[in-house]
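Notes for the one structure printed next.
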Amino acid sequence: MSHPDLPKTYDPRRVEARWYRAWEERGYFRAEPRPGQPHFCITIPPPNVTGELHLGHALCYEIQDILGRYHRMLGKPTLILPGTDHAGIATQNVVERQLAAEGLSRADLGREKFLERVWQWKETYGRRIEQQFRTLGFAFDWSRDRFTMDPDYADAVLEAFVRLFDEGFIYRGERVINWCPRCRTAISDIEVEHRESPGYLYHIAYPYANRPGAVVVATTRPETMLGDTAVAVNPADDRYRDLVGEQVILPLVGREIPIIADHYADPEFGTGAVKVTPAHDLNDFEAGERHNLPRVKVIGDDGRMTAEAGRFAGLDRFEAREAVVEALRAEGRLVEVEPYPVSLGTCERCGTVLEPLLSEQWFVRMRELAQPGIEAVESGRVGFIPERWADVYLEWMRNIRDWCISRQLWWGHRIPVYTCQCGKVIAAKVAPERCPDCGGPMTQDPDVLDTWFSSALWPFATLGWPRRTADLEYFYPTDLMVTSSQIIFLWVARMVMTGLHFLGDIPFPEVLINATVLNAEGRRMSKSLGTGVDPEETVLKYGADATRFGLIAQSSGQQVRLDMERMENGRNFCNKIWNAARFVLTNLGGRDTPVPPQHRQGPSAPVPLDGPSLEALAREGSVPDRWIASRLSATARDVTAALENYRLDEAARLIYDFFWGEFCDWYLEMSKPALRSGGEAADRARRMLVTVLANSLKLLHPIMPFITEEIWQALPVEGESIMIAPWPGDATFQDGEAEHEIELIMDVVRAARDLKASHDVQPSEKVTLDVFAESEEPLGALESHEPLVLFMAGMGRMVRHKGRFPPDRQDVPKRIPWRSEEITLAISRGLEIRVADTLKVSDSVSAALSQRLKRDLAREQEKFERVKRKLANPDFLQKAPPEVVDKTRADQKELEGKVAAAQERLDALRAQSPER
Ligand SMILES: [Zn+2]
Ligand SMILES: [Zn+2]
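Using our numbering, the first residue of the sequence shown is number 50, and each one after it goes up by one.
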């Protein structure tokens with residue numbers, strides 16, 4: 050049978066793209082400010098323009114879409130604002146690799162031409178992620194799409210920089226930074242990937258200048274000793290108390306350097322004396338600041354030794370390591386070399402081992418900026434979910450370091466600092482014509498800003514800041530930030546700080562940290578590792594709704610190992626929903642008659658879907674009607690609570706269990722007698738079917754937007770789209786009595802079905818069901834629902850017995866003695882019901898049983914004979930290993946028991962029906 054509106058099977062490809070286009074054309078994704086009314090706004094974490102979505106990211110964005118769709122149905126102006134990040138170093142690397150393939154470098158092109166290439170690349174390839182978002186059905190407001198290099202956005206970045214500069218937060222400083230000699234740029238601490246690697250610890254003797262002997266220091270980077278300017282010992286270390294203030298002679302170099310006392314020297318490490326290289330180690334740099342030590346830079350930006358390295362100048366840093374070790378050995382200064390695991394900092398982008406080295410950079414002074422951000426989280430104005438991430442955030446904020454914001458790249462926001470030969474330095478949004486002091490020409494700083502400097506402004510720069518736009522006035526603060534734990538420092542903390550600094554208000558009251566998705570092998574999903582799963586492939590295979598459902602349903606906890614079976618499960622669920630809808634639509638036109646919508650009979654009027662209408666409908670309905678209405682209300686309340694608490698996996702499970710386990714498995718069946726009876730009862734059943742189906746679709750819509758819309762359009766309900774239909778969270782109808790009665794019926798029906806199946810009774814066979822209970826109440830309930838029970842259980846007759854099982858009364862049909870199992874059901878309120886093995890077995894059933902039992906007996910007998918023959922064979926007994934013989938004897942015993950049991954069952958059946 051086919052319905053004119055819904056084809057026989059659900060084909061997502063026929064539906065999804067069509068609906069996405071329609072929603073977008075009708076403007077549902079666009080939000081208009083409605084001042085004075087609550088809104089729901091998320092500015093999505095902008096993916097890198099180089100990026101490609103894998104299923105791990107997809108989860109993060111799906112959460113935002115689900116919540117957005119839910120709040121939109123609540124009637125709030127809902128803005129899910131999308132955008133992309135220019136991703137300085139990542140994008141520059143992609144384009145540089147492209148150039149390299151053509152035998153070119155960025156220097157060959159020059160700054161201007163190179164930037165043109167990057168923009169070209171962005172226009173051509175930067176749309177990939179947007180396409181993926183659309184395929185997955187994310188209702189983002191594309192009319193407000195932002196890119197962190199757009200002119201308006203660039204204006205916000207300049208504004209923020211100039212303000213911080215003029216307020217004295219930005220300074221030029223020398224500092225040890227993580228330097229990538231390949232990318233030739235500074236890498237922020239949190240972008241460093243640490244890798245454990247085997248290495249060596251070199252113990253080197255530095256002779257005293259004015260007394261015999263030497264102090265021994267240990268290092269894993271011996272080439273840096275050329276830049277040592279002190280040896281540090283802990284002031285509490287008795288071994289060195291007398292030596293503080295002494296001078297040692299730096300081997301290979303001959304420089305005299307002091308022994309200083311500083312708490313950072315760990316007495317437990319090596320000999321307790323450590324070399325201090327302020328230009329090539331951050332801790333040493335800070336010790337150097339405390340003790341006013343000179344900074345000698347021996348490794349250059351290119352990873353080669355500088356002139357300061359004397360005879361090692363020009364060597365690559367790793368060649369220099371070998372050479373320095375050899376020279377130390379030759380001079381007899383190398384005391385010991387021991388294998389030692391080292392934690393190598395590598396460049397996240399290119400994998401090169403980073404070099405900590407001294408460099409002139411722009412910094413933001415952070416301590417003062419961090420303070421309000423600390424208070425916002427301590428006071429609970431900004432909360433983390435799960436809560437423990439607040440500690441991670443606070444720990445970092447309390448120990449915050451100044452932020453190195455300059456990058457030696459071309460792609461990015463160029464630092465708006467202008468310098469004059471006279472020494473004048475200014476920051477300005479527009480390049481100054483001439484120096485305000487001397488009138489001379491000014492030159493702009495060649496570096497660009499760290500990408501995170503621009504994304505730190507995301508929640509307000511996307512809404513129009515620094516202009517006071519209507520969007521900014523209405524949507525800021527936004528309502529939620531959904532992101533991954535990996536960027537709490539890089540991004541979340543900085544948005545909180547800039548929001549508080551520039552707007553005087555938090556950017557969002559809650560930060561939801563989503564689960565990390567691992568692939569099926571338990572590995573982190575990453576494009577570069579080739580471990581990512583492309584969501585478009587999954588959508589092609591299962592459909593977008595099934596992908597969304599499968600992904601969100603498995604998202605409990607903070608780590609998810611991706612299970613593709615859940616997507617398959619999602620697809621099965623789609624088919625279930627589809628078939629249920631077809632059943633309902635088919636019945637709208639009268640029994641089993643497919644009709645086009647304009648000719649459908651009742652429910653003639655569109656079905657209202659609010660809570661009070663549901664309640665009115667339920668009150669005049671049957672017990673199953675009241676039951677399903679009560680369950681629907683409870684499900685709506687629970688799904689609403691789960692969404693409010695960001696338990697999206699729970700919401701998916703609740704609606705799945707209700708729709709499949711109660712509506713489809715039970716209510717659809719239970720409605721059949723009423724539908725067949727015609728008249729008033731049938732009309733009521735139709736109205737209830739449409740009401741429950743439509744409300745279930747609404748609860749499902751945020752998770753499965755496409756299929757729910759497609760079915761919604763075929764239903765006789767009000768409203769042009771399910772996407773803007775009101776959320777049914779206000780359903781309050783509750784009917785405990787109906788729920789209790791239907792649960793009882795469901796238990797009895799399940800037991801009866803199981804019993805039939807386990808006795809090989811054909812489902813169509815109308816056998817008799819005996820029910821035992823010690824109290825009157827369940828028996829009375831079953832009596833009043835006898836036709837329903839018999840219909841649902843496929844039984845011919847039901848006999849109710851008051852009393853315990855086994856029965857001692859004569860009127861109970863003769864039991865079948867070969868089955869002693871009974872199905873015991875614990876029913877609520879302390880009642881117990883037993884549907885026991887008292888099926889009245891009909892002749893044909895008996896024949897089938899008899900044949901099966903004969904087969905069983907013959908099979909067991911044959912096995913028994915085989916084992917018996919084996920054990921009678923002297924060869925076997927002699928040659929087989931004793932444990933095999935023992936095992937065979939045990940088998941014989943077991944089979945003997947099985948034969949006896951099979952024989953007993955057959956005898957019992959024959960005793961009941963002697964003719965067989
Ligand atoms: Zn690099
Ligand atoms: Zn000047």
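In this text, a Cβ means the ideal position worked out from N, Cα and C, and glycines have one as well. Keep in mind it's a predicted model, so treat the numbers as computed, not measured.
Exercise. Of the choices THR269, GLY217, GLY785 and ILE704, whose alpha-carbon is the least far from that of TRP676?
Worked result: GLY785
Problem set entry | CYS471 classed as buried or exposed, judged by whether at least 16 other C-beta atoms fall within 10 angstroms | exposed
Problem set entry | Cα-Cα separation, GLY7 to ARG118 | As shown, the chain starts at 50 and ends at 965. That puts residue 7 outside it, with no answer to give.
Exercise. Using a Cβ-Cβ cut-off of 7 Å (strictly less than) and excluding sequence neighbours within five positions of LYS625, which residues of its own chain qualify?
Worked result: TRP709 and CYS713
Exercise. My guess is that ARG189 and PHE182 are in contact by the Cβ rule of under 8 Å, so how many angstroms apart are they, rounded?
Worked result: Position check: residue 189 holds Phe in this sequence, whereas Arg was assumed. Rounded, the Cβ-Cβ distance is 6 Å, consistent with contact.
Exercise. Which two residues bound the contiguous alpha helix (DSSP H) that contains GLY337?
Worked result: 331 to 340 is the extent of the alpha helix (DSSP H) around GLY337.
Problem set entry | Supposed close pair LEU529, LEU561 - CB separation, criterion 8 Å | 6 Å
Exercise. Are the region 321 to 328 and the region 372 to 388 in contact at 8 Å, needing three or more beta carbon pairs?
Worked result: Taking a cut-off of 8 Å for Cβ pairs, the region 321 to 328 and the region 372 to 388 do not touch, as fewer than three such pairs fall below it.
For this session: Go through the region 92 to 149 residue by residue and report every complete run of the alpha helix (DSSP H) that reaches 4 residues or more, in order.
Result: 104 to 122
Exercise. Cβ-heavy atom distance between LYS473 and ligand 2 below 7 Å?
Worked result: Yes, ligand 2 has a heavy atom inside 7 Å of this Cβ.
Exercise. According to DSSP, which residues form a beta bridge with ILE348?
Worked result: MET354
Exercise. DSSP three-state call for TYR695: helix, strand or coil?
Worked result: coil
For this session: From the DSSP output, in three-state form, read off THR326 for me.
Result: coil
Exercise. According to the Cβ coordinates, are LEU512 and ASP520 closer than 8 Å?
Worked result: yes
Problem set entry | Same chain only: Cβ atoms within 8 Å of PRO96, ignoring 5 sequence neighbours per side | LEU102, HIS106, THR133, ASP134 and ILE178
For this session: Inspect the CB distances between the region 492 to 508 and the region 197 to 206 and report whether three or more fall short of 8 Å.
Result: yes
Problem set entry | contact_flag[the region 629 to 638, the region 605 to 615] where n(CB pairs < 8 Å) is 3 or more | no
Exercise. How big is the Cα-Cα spacing for VAL838 and PHE622?
Worked result: 27 Å
For this session: Alpha carbon to alpha carbon, how far is ASN448 from THR355? Give it in angstroms, no decimals.
Result: About 34 Å.
For this session: Name all residues in chain order for which at least one heavy atom of ligand 1 lies closer than 6 Å to the residue's CB.
Result: Having a Cβ closer than 6 Å to some heavy atom of ligand 1 are CYS229, ARG231, CYS232, CYS396, ARG398, CYS399 and THR401.
For this session: Could you pull out every residue in the same chain whose Cβ sits closer than 6 Å to the Cβ of GLN457, ignoring the five residues on either side in sequence?
Result: Cβ neighbours of GLN457 beyond the five flanking positions: ARG233, THR234 and ASP496.
Exercise. Is ASP494 near ligand 2, going by C-beta to nearest heavy atom under 7 Å?
Worked result: no
For this session: Report whether the distance from the Cβ of GLY319 to the nearest heavy atom of ligand 2 is below 7 Å.
Result: Flag unset: Cβ of GLY319 not near ligand 2.
Exercise. Which residue from ILE129, ALA156, GLU427 and VAL167 puts its Cα closest to that of VAL143?
Worked result: VAL167
For this session: Report the rounded CA-to-CA distance for LEU567 versus SER575, giving the unit in angstroms.
Result: 9 Å
Problem set entry | Opposing strand residues paired with ASP452 [DSSP bridges] | First, the amino acid is wrong: residue 452 is Trp here, not Asp. DSSP, once it has assigned bridges, lists VAL413 as partnering TRP452.
Exercise. Per DSSP, what kind of secondary structure is TRP228 in: helix, strand or coil?
Worked result: The answer is strand: DSSP assigns TRP228 an E or B state.
Exercise. Got a sec: does ligand 2 put a non-hydrogen atom nearer than 7 Å to the Cβ of CYS109?
Worked result: No, the beta carbon of CYS109 sits no closer than 7 Å to any heavy atom of ligand 2.
For this session: Taking THR635 as part of the alpha helix (DSSP H), name the residues at either end of that continuous run.
Result: 614 to 637
Exercise. Under three-state DSSP, which class holds ILE464?
Worked result: In this structure, ILE464 counts as coil in the three-state DSSP scheme.
For this session: Return the first residue and the last residue of the alpha helix (DSSP H) that SER246 is part of.
Result: That residue, SER246, is in no alpha helix (DSSP H); its beta strand (DSSP E) goes 241 to 256.
Problem set entry | CA-to-CA distance, LYS919 to ALA950, given in whole angstroms | 23 Å
Problem set entry | Straight-line gap, GLY768 to GLN762 (C-alpha atoms, nearest Å) | Straight-line Cα distance between these residues: approximately 9 Å.
Exercise. How far does the beta strand (DSSP E) with VAL609 in it reach, from first residue to last?
Worked result: 608 to 610
For this session: Determine, using beta carbons only, whether ARG121 and ILE773 come nearer to each other than 8 Å.
Result: Result yes, Cβ atoms of ARG121 and ILE773 sit closer than 8 Å.
Exercise. Between the region 260 to 270 and the region 289 to 307, do three or more beta carbon pairs fall short of 8 Å?
Worked result: yes
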